[in-house]
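Notes for the one structure printed next.
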Amino acid sequence: MAETPADQTGAAVIGATGATGRVIARELLGRGVPVRVVSRSGARLERDFADTPAERVVADVLDPAAAGRAAEGCGLVFDCVGVPLGSFAQHLDITRNLIDAAGAAGARLILISGYWSQAPAGGAIAADTPPKPTDPYSRVRIEQEQTAIDAGACVVILPDFFGPGAGVSVLNDAIETILTAGSALWPGDPRAARDFIYIPDAGAPIVRLALDDRSFGRRWVLAGSGVTTPRDALLLAAQRLKRRARVKRVSPVMMRLGAMIRKDVRLFKPVYPIYNASATFDDDATRDLIGDWPRTGYGDAIPTTIDWLKDRRR
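As structure tokens, then:
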């Protein structure tokens, strides 16, 4: 493996208090890499990293100068920033700022992205699956990813994630509904084949890609815990909770009506077709490059997720 010198110069994890940022930072720290964790919230940095030697920096990387300071002196810069759907286009400015910041620092950029840019695919999503501009969010992601690739970045595509620490997760949300109400609504077809990545599993392969010179200038896909359906995953959660839960489908009509009266539904509506279809992943190319990595099956991951959701409510 041709490795980067990040173990000497360190890494900046931007958006470090989000689900992917936390696991990436922890993986780097476990390897002995000096890590700078960056977030807009000092309180969240304290919450997540007070027990680590990570350098904590409060910065809003929508400001180019702040982005430059966040990347300064680092060999790798991870763009893990999550943006609410109502501000989704900010992804473009953030990534452009981090491209410039990484360039000024002599660092390499790793962009963590989702699969919306390539879905619905009609088959397993692979690194070479052509992008599909089907909605405003996918168009933003396509431009963001291509801008990063053109700048020589490594772009990592993830399935929907779930598990401890995943604060924005459709599967976590549905499991929590079973926990509180005894049934779950799925925003699409609950019987469509899908793969979900257990977020604690994501750090190792992302860092392996980041430390390999051959990964830059293209997309890579990570598959998750295996192909299942939302219904099966949620019934497994119900079984763990000893509840006879029903998994209900949000139909297209329900989605249209909901969008008329609720802003959150209106913002989600453009990606409803993605959740009304299958979403499976082919990461053969990734495994050919870096080898396989441990993956937690749903039978272990969902109970751990339930325990975390319960703890969060206390």
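According to my numbering, the sequence shown is numbered sequentially starting from 40.
For every residue, glycine included, the Cβ atom is placed at its ideal position computed from N, Cα and C.
All of these numbers come straight from a predicted model, not from anything done at the bench.
Strand pairing of residue i, partner residues [DSSP]
i                 : result
alanine 51        : Arg75 and Val116
threonine 91      : None; threonine 91 has no bridge partner.
valine 266        : Asp234
arginine 258      : Val194
phenylalanine 307 : Answer is none; phenylalanine 307 lacks a bridge partner.
aspartate 199     : Phe235
leucine 287       : According to the sequence as given, residue 287 is lysine; it is not leucine. DSSP lists Leu224 as partners of lysine 287.
isoleucine 164    : Phe320
valine 62         : Paired residue(s): none; valine 62 is not in a bridge.
Contacting residues, own chain, Cβ-Cβ under 7 Å from residue i (five flanking each side not counted)
i             : result
alanine 41    : Here the model assigns alanine 41 a pLDDT of 47, short of 50, so the residue's position is not dependable and the matter cannot be decided.
arginine 285  : Ser222
aspartate 174 : Pro309 and Val310
glycine 204   : Ala58, Arg61 and Ile238
9 Å Cβ cutoff, residue i in contact with chain C
i              : result
isoleucine 181 : This model lacks chain C altogether; it includes just one protein chain.
Coil, strand or helix - residue i by DSSP
i              : result
glycine 153    : strand
alanine 223    : strand
proline 44     : Low local confidence applies: a pLDDT of 48 at proline 44 is under 50, so the model's placement there is unreliable, and no value is given.
tryptophan 347 : helix
leucine 250    : coil
valine 179     : helix
alanine 144    : helix
valine 122     : coil
valine 292     : helix
valine 36      : With the chain covering only 40 through 353, there is no way to say anything about residue 36.
asparagine 315 : coil
arginine 301   : coil
leucine 218    : helix
valine 207     : coil
valine 241     : Per the sequence shown, residue 241 should be read as alanine rather than valine. In this structure, alanine 241 counts as coil in the three-state DSSP scheme.
glutamate 85   : helix
leucine 68     : helix
proline 229    : coil
glycine 336    : coil
arginine 279   : helix
glutamate 111  : coil
alanine 272    : helix
threonine 325  : helix
Buried or exposed (CB count within 10 angstroms, at least 16 for buried), residue i
i              : result
proline 291    : exposed
valine 72      : buried
glutamate 85   : exposed
arginine 351   : exposed
valine 207     : exposed
leucine 296    : exposed
glycine 265    : exposed
glutamine 183  : buried
aspartate 234  : buried
proline 172    : exposed
isoleucine 341 : buried
proline 229    : buried
methionine 299 : exposed
arginine 353   : exposed
proline 44     : Annotation note: pLDDT 48 at proline 44 (below 50); position unreliable, coordinate value reported separately. Classification for proline 44: exposed.
threonine 59   : buried
glycine 338    : exposed
isoleucine 345 : buried
proline 169    : exposed
glycine 57     : buried
glycine 49     : buried
glycine 81     : exposed
Contacts around residue i, its chain only, beta-carbon distance under 6 Å, and the 5 residues preceding and following it disregarded
i             : result
proline 158   : In the sequence under discussion, the amino acid at residue 158 is alanine, which differs from the proline named in the question. Contacts found: Ile313 and Ala318.
arginine 247  : Ile329
glycine 191   : Phe255 and Gly256
aspartate 303 : none
valine 289    : Leu224 and Pro226
alanine 277   : Ile217 and Ala284
alanine 324   : Ala166
leucine 210   : Phe201 and Phe235
Contact belief for residue i with residue j at Cβ below 8 Å, rounded distance in angstroms
i                 : j              : result
alanine 93        : arginine 75    : 7 Å
alanine 163       : aspartate 321  : 4 Å
arginine 79       : aspartate 99   : 5 Å
phenylalanine 117 : isoleucine 149 : 5 Å
alanine 104       : alanine 146    : At roughly 16 Å, the Cβ-Cβ gap does not stay under 8 Å, so alanine 104 and alanine 146 are not in contact.
aspartate 240     : arginine 326   : With a Cβ gap of about 14 Å, aspartate 240 and arginine 326 do not count as contacting.
isoleucine 238    : valine 62      : 6 Å
cysteine 119      : alanine 51     : Incorrect: roughly 10 Å between the Cβ atoms, too far for contact.
glutamate 66      : glycine 336    : Actually they are not in contact, since the Cβ atoms of glutamate 66 and glycine 336 sit about 20 Å apart, beyond 8 Å.
proline 198       : tyrosine 154   : 6 Å
valine 260        : alanine 165    : 6 Å
serine 177        : serine 156     : 5 Å
Proximal residues to residue i (C-beta, below 8 Å), its chain only, five neighbours per side dropped
i                : result
phenylalanine 88 : Ala55, Ala64, Val76 and Arg95
leucine 131      : Val179, Glu182, Gln183 and Thr186
leucine 274      : Ala284 and Val286
isoleucine 188   : Val194, Gly256, Arg257 and Arg258
threonine 268    : Pro229, Arg230, Ala231, Ala232 and Arg233
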